[in-house]
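Some notes on the structure that comes next.
Residue numbers (UniProt numbering): 1 to 139.
Encoded structure:
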């Protein structure tokens, strides 16, 4: 089957479009967590946002931020916003075309994002920091 979001970008599948430009399209989620739940989708197909050029990654974030402000205005009951991306099946990505959710939140809405946290030593944090830093370009 073709990519659902590529089909939407191409105009072959209907969507409620909130925003559209040369790099991204933003649509209302078909299965919203709450009223005003928007998806910001890069036009270029990429399963992982990290595989997109920087300008396209930045545009996804910029549009998501703008839409978060608009959602707050459109749905005044909104108490908070989640900007959420999932990359890979282990992270619960359900459509394998990168996208960012803009999810309006209210106290008691039932959405859960937390998991049991564990305390770690400074040595573990420093080792993780070193490993990530080695993966940065130019490091």
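Backbone N, C-alpha and C define an ideal beta-carbon position, used for all residues, glycine too.
Worksheet item: Going by beta carbon distance, what residues of the same chain come within less than 7 Å of residue 7, once the five residues before and after it are set aside?
Response: 13
Fill in: Residue interval of the alpha helix (DSSP H) (run including residue 13)
Taken as a continuous stretch (DSSP letters only), residue 13 belongs to no alpha helix (DSSP H), as it is neither H nor E.
Worksheet item: Measuring from the CB of residue 116, is there a heavy atom of the ligand NAD at a distance below 7 Å?
Response: Looking for the ligand NAD in the displayed structure turns up nothing, as the structure carries no ligands at all.
Worksheet item: What is the DSSP secondary structure of residue 111, reduced to helix, strand or coil?
Response: coil
Worksheet entry | residue 20 in three-state terms, based on DSSP | strand
Discussion item. With three or more beta-carbon pairs closer than 8 Å as the criterion, would you say the region 78–97 touches the region 130–138?
Written reply: no
Item to complete: Leaving aside the five residues before and after residue 57 along the sequence, list all residues of the same chain whose C-beta is less than 7 Å from its C-beta, in chain order.
Response: 49
Worksheet item: How close, in whole Å, do the beta carbons of residue 24 and residue 59 come, if the pair is a contact with beta carbons under 8 Å?
Response: 5 Å
Worksheet entry | Ranges of the beta strand (DSSP E) found wholly within the UniProt domain "HIT" (4–112), counting only runs of at least 3 | 17–20, 24–28, 38–42, 80–84, 100–105
Practice prompt. Measure the CB-CB distance between residue 9 and residue 26 and report whether it falls below 8 Å.
Written response: no
Worksheet entry | Among 82, 76, 55, the one whose alpha carbon lies nearest that of residue 22 | 55
Worksheet item: Does the distance from the C-beta atom of residue 102 to that of residue 83 stay below 8 Å?
Response: yes
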